[in-house]
Ligand SMILES: [Zn+2]
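Numbering (the working numbering), first residue to last: 8 to 468.
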């Protein structure tokens, strides 16, 4: 018997956890943390709906925290197997898990000190030692190579674009009476975005688990370079600050790279870019070590001079130099994480700059429901940061051209080559209205048998 359980990213975008069971053998595809709204974050704390020690292996699609961030708890809970991922995903995941643990430890410490917690004691979801233990379980697997887990299950990765190292997973399962295939889309990237490979043609499959982050929505067609140049020209003319909340590894480098190209081409004058992230330096290392995963020549990525960080880019590692940026005057760009404004150094920049009408806040990625980022994206005049009200007087601009996620048009384009049509399609990883839009579109245009699984639902394949 083969079953599939959806323990995350069902009717929501975060917490991706798909449990595949083949005759009792359990494999988890993605092991993400719930983020955003409080009712979702609370789910990170409830007992797991499965026994971690019974899981034989974890297969990761990519290194975003909503796909990997629950690993330390899984390991802490008794998981002893291997965690498969592509080599760049492993490197990114190690950095991100450690960083996430550190932020949580600091946050818990801050809340306890300020008594800003409704619990007897604020606790981190996982500690740095949990993150370290999780990092030891990684096993690398490159694209297009089959990995046989045993006689029942094998799988391979296909490039999915999105971020460096991101993959879709094709699983073949055999329960003794029949063979079947399941394709997990992972997060599907966009076409023609700088520094990211394009998603490749997916293989024919019996079952499809597809994301729907932007189901029913189409990104406005934007020339990223043109729009960025226009915005930077304004920032330079007004001597103002452009504040960009961005995922520290990936999106940050896309932005510095794009600005660098504009400066080199003489389309804009040079402008200081402050990358306020201790991870940015390590990120360059990752890009340098895996040129085939993003297509930039290794020679252009030396430690000193490279196309990701030009002379105008200053990296801020220390907290003290980050705080100094509060007094920085324009024209300048500040890029800081976290991308959805849920934690990290971006928060003190928001507290400092949001009330200033002279600041432009640039939104470049997806903002999940319940995050500060989503509230600002949707035009809230005020947001709460660390329980303090902060007025939003800054100008808010959106540039979805750098979004890591395919829109519904691109998702349909990606699925185009599937002629046979899967027996059943599970639409996941989207807010309800978007998953519904995606399911409707697949049903109407392709005639596919779609289903939007509920959180914790198990289906028999
Ligand atoms: Zn992602």
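Beta carbons are placed, not taken as given, at the ideal position from N, Cα and C, and that holds for glycine. This structure is a prediction, so every number in the text was calculated from the model and none was measured.
| query | Of all residues in the structure, which have a C-beta closer than 5 Å to any heavy atom of ligand 1, taken in chain order? | reply | Those satisfying the condition are, in chain order, 71 and 194.
| message | So, for residue 277: in the same chain, excluding its five sequence neighbours on each side, which residues have a beta-carbon less than 6 Å away from its beta-carbon? | response | Taking the first residue of the chain shown as position 1, residue 277 is located at position 270. Counting only Cβ-Cβ distances below 6 Å, and skipping sequence neighbours, we find 270 and 319.
| field | Runs of alpha helix (DSSP H) wholly within the segment 177 to 259 (minimum 4 residues, chain order) | value | Segments of the alpha helix (DSSP H) lying fully in the segment 177 to 259: 231 to 245.
| Segments assigned alpha helix (DSSP H), at least 4 residues, entirely inside the segment 337 to 411 | Assignment of alpha helix (DSSP H) within the segment 337 to 411, counting only whole runs of 4 or more residues, yields 353 to 360 and 379 to 384 in chain order.
| task | Measure the Cβ-Cβ separation of residue 187 and residue 158 and say whether it is below 8 Å. | result | Counting from 1 along the chain shown, the entry for residue 187 is found at position 180. Counting from 1 along the chain shown, the entry for residue 158 is found at position 151. Not in contact: residue 187 and residue 158 (Cβ atoms no closer than 8 Å).
| request: Using a threshold of 8 Å, state whether the C-beta atoms of residue 147 and residue 201 are closer than that. | output: Against the chain shown, residue 147 aligns to sequence position 140. Against the chain shown, residue 201 aligns to sequence position 194. Taking 8 Å as the cut-off, the Cβ atoms of residue 147 and residue 201 do not count as close.
| request: Enumerate in chain order the residues of its own chain whose CB-to-CB distance from residue 27 is below 6 Å, with the five nearest sequence positions on each side excluded. | output: As a working note, residue 27 is residue 20 in the chain shown. Correct list, in chain order: 11 and 34.
| field | Three-state secondary structure assigned by DSSP to residue 174 | value | The residue labelled residue 174 in the question sits at position 167 within the chain shown. Three-state DSSP puts residue 174 in a strand.
| field | Nearest-angstrom Cα separation, counted from residue 263 out to residue 469 | value | No answer is possible for residue 469: it lies beyond the span of the chain, which begins at 8 and ends at 468.
| field | Three or more C-beta pairs below 8 Å linking the segment 214 to 229 and the segment 246 to 260 | value | The segment 214 to 229 is not in contact with the segment 246 to 260.
| Whole-number beta carbon distance between residue 225 and residue 440, since they are thought to touch under 8 Å | Taking the chain shown and counting its residues from 1, one reaches residue 440 at position 433. Taking the chain shown and counting its residues from 1, one reaches residue 225 at position 218. Incorrect: roughly 15 Å between the Cβ atoms, too far for contact.
| query | If you draw a straight line from the C-alpha of residue 368 to the C-alpha of residue 324, how long is it? | reply | Counted from its first residue, the chain shown places residue 368 at position 361. Counted from its first residue, the chain shown places residue 324 at position 317. When rounded, the distance between both Cα atoms is 22 Å.
| Is it true that the CB of residue 125 sits closer than 8 Å to the CB of residue 87? | Looking up residue 87 in the chain shown gives position 80. Looking up residue 125 in the chain shown gives position 118. Residue 87 places its beta carbon 8 Å or farther from that of residue 125.
| query | Is the segment 197 to 211 in contact with the segment 59 to 79, if contact means three or more CB pairs nearer than 8 Å? | reply | The segment 197 to 211 makes no contact with the segment 59 to 79, as fewer than three CB pairs between them are under 8 Å.
| said: I need the straight-line Cα distance from residue 294 to residue 372, nearest angstrom please. | reply: Counted from its first residue, the chain shown places residue 294 at position 287. Counted from its first residue, the chain shown places residue 372 at position 365. CA-to-CA, the gap between residue 294 and residue 372 works out to about 20 Å.
| request: Could you spell out the range, first to last residue, of the alpha helix (DSSP H) harbouring residue 97? | output: Working through the chain shown from its first residue, we reach residue 97 at position 90. Counting along the chain, the unbroken alpha helix (DSSP H) around residue 97 starts and ends at 94 to 121.
| said: If you reduce the DSSP assignment to three classes, tell me which class residue 132 lands in. | reply: One-based indexing of the chain shown puts residue 132 at position 125. Note: residue 132 maps to coil in three-state DSSP.
| query | Excluding five sequence neighbours on each side, which residues of the same chain lie with their C-beta closer than 8 Å to the C-beta of residue 39? | reply | Sequence index remark: in the chain shown, residue 39 carries index 32 (1-based). Within the same chain, residue 39 has close Cβ partners 15, 16, 21, 22, 23, 24, 71, 72, 73, 74, 75, 76 and 77.
| task | Please classify residue 233: is it buried, with 16 or more other beta-carbons within 10 angstroms of its beta-carbon, or exposed? | result | Taking the chain shown and counting its residues from 1, one reaches residue 233 at position 226. It is exposed - the Cβ of residue 233 has fewer than 16 other Cβ atoms within 10 Å.
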